[in-house]
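Numbering (full-length UniProt numbering), first residue to last: 1 to 374. No residue lacks a Cβ here, since even glycine has one placed at the ideal position from N, Cα and C. Worksheet: the structure to be examined is printed underneath.
Next comes the structure, spelled out in structure tokens:
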């Protein structure tokens with residue numbers, strides 16, 4: 001029951017971190033609980049049998065969803081659920097067949113290998129340095145080990161020598177949530193802290209602290225690794241203050257701060273620069289990826305309905321993005337992002353613009369050519 005004990009320990013640690021509001025923690029917690037159940041069902045060792053295989057597959061699906069959320073992406077539960085449903089049907093059918101055990105094991109092995117590769121690719125491509133990079137590589141290695149162990153279990157009837165490797169999948173599955181704890185701790189350590197620098201309304205770093213963090217990241221940015229700055233303003237906040245009252249405007253600011261914190265990658269630095277303006281530093285992010293992140297925020301904000309003292313209120317955002325160039329200073333980066341933000345507002349608001357001409361999309365939020373601010 002070693003696997004179950006490891007998974008339960010990871011579950012306790014992940015649940016204790018939920019108050020930190022890091023994206024992906026809930027999904028990882030579910031993955032840990034399911035891994036513990038799968039380990040119990042597969043006692044004394046390898047992932048064997050349809051019930052254990054299905055629960056293990058569900059654990060992998062939740063873990064992949066957590067990795068996507070942790071990386072600032074929204075998981076497609078329809079695709080994950082569809083893949084899980086197909087596997088469930090194959091496993092159920094294998095139980096009705098005379099020699100269906102090998103078919104079920106093979107299907108579970110292919111599923112585990114595919115999801116393991118997806119998790120590993122996401123971790124390897126994740127922009128990180130120092131201990132965070134090692135944590136990502138550890139998760140990638142464990143995810144691949146889950147797939148290898150599951151495939152080894154399926155191949156035992158043909159290659160008996162693989163029997164010794166088959167328990168690896170179950171142990172690695174239990175260790176995955178524990179590795180996620182390390183990812184979460186690295187993200188928490190990278191968060192800007194200190195009440196002296198916190199905005200009392202949103203809890204985000206204020207302008208001075210945000211600028212210091214950006215300068216620090218620019219100074220240690222490795223050659224060739226991109227970094228982007230996104231400036232965001234809530235559109236027509238003064239009008240919201242008139243309609244919903246000052247408390248209503250504050251509610252919108254708090255809502256957007258919570259939305260951005262949940263939507264963006266754990267490594268991003270989010271700050272309130274004053275008034276309706278927010279800054280987002282996106283390390284390891286190209287201009288195109290930064291635009292996509294800004295677009296996701298824009299769409300999500302437009303879909304929000306915030307309860308204010310004046311009733312339900314909807315809001316939109318505008319944003320400008322600048323990608324750091326060699327030897328860039330904070331001032332130069334900020335000016336270019338500010339110019340792009342001005343273009344977005346001049347275009348009618350509710351838009352994301354890139355500094356310089358870069359074709360990354362079509363429509364209201366497609367990046368235009370370089371413009372000037374008044």
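> Which residues does DSSP pair with residue 205 in a beta bridge?
Replying inline: Translated into positions along the chain shown, residue 205 becomes position 205. Answer is 198, bridged to residue 205.
> Can at least three beta-carbon pairs, one atom from the stretch 204 to 216 and one from the stretch 265 to 274, be found at a separation below 8 Å?
Replying inline: yes
>> Nearest by alpha-carbon distance to residue 113: which of 12, 171, 144 is it?
In response: Sequence index remark: in the chain shown, residue 113 carries index 113 (1-based). The shortest C-alpha separation from residue 113 is found at 144.
> Under a three-way DSSP split, which group does residue 313 fall into?
Replying inline: On the chain shown, residue 313 is found 313 positions in, with the first residue counted as 1. Note: residue 313 maps to strand in three-state DSSP.
> Rounded C-beta distance between residue 66 and residue 31? I'm assuming under 8 Å.
Replying inline: To locate residue 66, count along the chain shown from 1; it is residue 66. To locate residue 31, count along the chain shown from 1; it is residue 31. That belief holds up - the Cβ atoms of residue 66 and residue 31 are roughly 6 Å apart, short of 8 Å.
> Can the beta-carbon of residue 2 be found less than 8 Å from the beta-carbon of residue 33?
Replying inline: One-based indexing of the chain shown puts residue 2 at position 2. One-based indexing of the chain shown puts residue 33 at position 33. Going by C-beta atoms, residue 2 is not nearer than 8 Å to residue 33.
>> Alpha carbons only, please: which of 153, 321, 133 is nearest the one belonging to residue 185?
In response: By one-based count along the chain shown, residue 185 stands at place 185. The shortest Cα separation from residue 185 among 153, 321, 133 belongs to 133.
>> I want to know whether the stretch 54 to 71 touches the stretch 292 to 300 - three or more CB-CB distances under 8 Å.
In response: no
> Who does residue 256 pair with in a DSSP beta bridge?
Replying inline: For the purposes of this step, residue 256 is taken as residue 256 along the chain shown, with counting starting at 1. Answer is none; residue 256 lacks a bridge partner.
> First and last residue of the alpha helix (DSSP H) that includes residue 149?
Replying inline: Position 149 of the chain shown, counted from the first residue, corresponds to residue 149. It spans 131 to 155 - the alpha helix (DSSP H) in which residue 149 sits, taken as one unbroken run.
> Does the Cβ-Cβ distance between residue 248 and residue 329 come in under 8 Å?
Replying inline: Numbered from its first residue, the chain shown carries residue 248 at position 248. Numbered from its first residue, the chain shown carries residue 329 at position 329. Not closer than 8 Å, so no.
> Applying the criterion that 16 or more other CB atoms from any shown protein chain within 10 Å of the CB defines a buried residue, is residue 252 buried or exposed?
Replying inline: Residue numbering aside, residue 252 sits at position 252 when the chain shown is read from its first letter. Buried.
> Should residue 368 be labelled buried (16 or more other beta-carbon atoms within 10 Å of its own) or exposed?
Replying inline: Within the chain shown, residue 368 is the residue found at index 368, counting from 1. Caution applies to residue 368, whose pLDDT of 37 falls short of 50 and renders its modelled position unreliable; the model cannot decide the point.
> For residue 123, is the classification buried or exposed, using 16 other Cβ atoms within 10 angstroms of its Cβ as the cut-off for buried?
Replying inline: The count along the chain shown starts at 1 and reaches residue 123 at position 123. By the 16-neighbour rule on beta-carbons within 10 angstroms, residue 123 is buried.
>> residue 170 and residue 323 - do their beta-carbons sit closer together than 8 Å?
In response: To locate residue 323, count along the chain shown from 1; it is residue 323. To locate residue 170, count along the chain shown from 1; it is residue 170. For residue 323 and residue 170, no; Cβs fall outside 8 Å.
>> Bridge partners for residue 270 per DSSP, in chain order?
In response: Here the question's residue 270 lines up with position 270 in the chain shown. In the DSSP output, where bridge partners are listed per residue, residue 270 has 280.
> In three-state DSSP terms, what is residue 324?
Replying inline: If you number the chain shown from 1, residue 324 lands on position 324. Coil at residue 324, not helix or strand.
>> With DSSP as the reference, identify every bridge partner of residue 37, one or two as the case may be.
In response: Reading the chain shown from its first residue, position 37 is the one you call residue 37. Answer by DSSP bridge pairing: none, since residue 37 is not bridged.
>> Residues in the same chain with beta-carbon distance under 7 Å from residue 344, minus the five sequence neighbours each way, listed in chain order, please.
In response: The residue labelled residue 344 in the question sits at position 344 within the chain shown. The answer, listed in chain order, is 318, 319, 320, 351, 352, 353.
> Between which two residues does the alpha helix (DSSP H) carrying residue 68 extend?
Replying inline: To locate residue 68, count along the chain shown from 1; it is residue 68. Bounds of the alpha helix (DSSP H) holding residue 68 are 50 to 70.
> Taking residue 117 as the reference, which of 95, 92, 60, 87 has the closest Cα?
Replying inline: Reading the chain shown from its first residue, position 117 is the one you call residue 117. When only C-alpha atoms are compared, the closest one is 60.
> Quick one, which of 103, 232, 160, 63 has its alpha-carbon nearest residue 27's?
Replying inline: Mapped onto the chain shown, residue 27 falls at position 27. Of the listed residues, the one whose Cα sits closest to residue 27 is 63.
> In three-state DSSP terms, what is residue 158?
Replying inline: Within the chain shown, numbered from 1, the residue matching residue 158 stands at position 158. It is coil, neither helix nor strand.
> Can you tell me the Cα-Cα spacing of residue 77 and residue 255, whole angstroms?
Replying inline: Taking the first residue of the chain shown as 1, we reach residue 77 at position 77. Taking the first residue of the chain shown as 1, we reach residue 255 at position 255. Looking at the two C-alpha atoms, the distance is approximately 25 Å.
>> When you compare the CB positions of residue 231 and residue 338, do they come within less than 8 Å of one another, or not?
In response: In the chain shown, counting from the first residue as 1, residue 231 sits at position 231. In the chain shown, counting from the first residue as 1, residue 338 sits at position 338. Contact flag set, yes.
>> If the criterion is Cβ atoms closer than 8 Å, does the pair residue 285 and residue 228 meet it?
In response: Against the chain shown, residue 285 aligns to sequence position 285. Against the chain shown, residue 228 aligns to sequence position 228. Between residue 285 and residue 228, the C-beta gap is smaller than 8 Å, which places the two residues in contact.
> Excluding sequence positions up to five away, which residues of its chain have a Cβ less than 6 Å from the Cβ of residue 374?
Replying inline: Here residue 374 refers to the residue found at position 374 of the chain shown. With a pLDDT of 34 at residue 374, under the threshold of 50, the modelled position of that residue is not reliable, and the figure given next carries that caveat. So the list is empty, once near-sequence residues are dropped.
>> Buried or exposed, going by whether 16 or more other CB atoms sit within 10 Å of the CB of residue 72?
In response: The count along the chain shown starts at 1 and reaches residue 72 at position 72. So residue 72 ends up on the buried side.
>> Within a Cβ cutoff of 8 Å, which residues of the same chain sit near residue 51, ignoring the five residues on either side of it in sequence?
In response: Counting from 1 along the chain shown, the entry for residue 51 is found at position 51. Here the set comprises 41.
> Nearest-angstrom Cα distance between residue 110 and residue 279?
Replying inline: In the chain shown, the residue the question calls residue 110 occupies position 110. In the chain shown, the residue the question calls residue 279 occupies position 279. Whole-angstrom Cα-Cα distance: 43 Å.
>> In whole angstroms, give me the CA-to-CA distance for residue 211 and residue 140.
In response: Taking the first residue of the chain shown as position 1, residue 211 is located at position 211. Taking the first residue of the chain shown as position 1, residue 140 is located at position 140. Answer to the nearest angstrom: the Cα atoms are 33 Å apart.
> Which two residues bound the contiguous beta strand (DSSP E) that contains residue 426?
Replying inline: What the structure shows of the chain is the stretch from 1 to 374, and residue 426 is not part of that stretch, so it cannot be assessed.
> The alpha helix (DSSP H) with residue 353 in it runs from where to where?
Replying inline: On the chain shown, residue 353 is found 353 positions in, with the first residue counted as 1. That residue, residue 353, is in no alpha helix (DSSP H); its beta strand (DSSP E) goes 352 to 354.
> residue 228 lies in the beta strand (DSSP E); which residues open and close that run?
Replying inline: Position 228 of the chain shown, counted from the start, is the residue given in the question as residue 228. Per DSSP, residue 228 belongs to the beta strand (DSSP E) from 227 to 234.
> Using DSSP with H/G/I as helix, E/B as strand and the rest coil, what is residue 42?
Replying inline: Translated into the one-based positions of the chain shown, residue 42 becomes position 42. If DSSP states are grouped into helix, strand and coil, residue 42 belongs with coil.
> DSSP state of residue 184, grouped into three classes?
Replying inline: Counting from 1 along the chain shown, the entry for residue 184 is found at position 184. Assignment of residue 184 by DSSP, reduced to helix, strand and coil, places it in the helix class.
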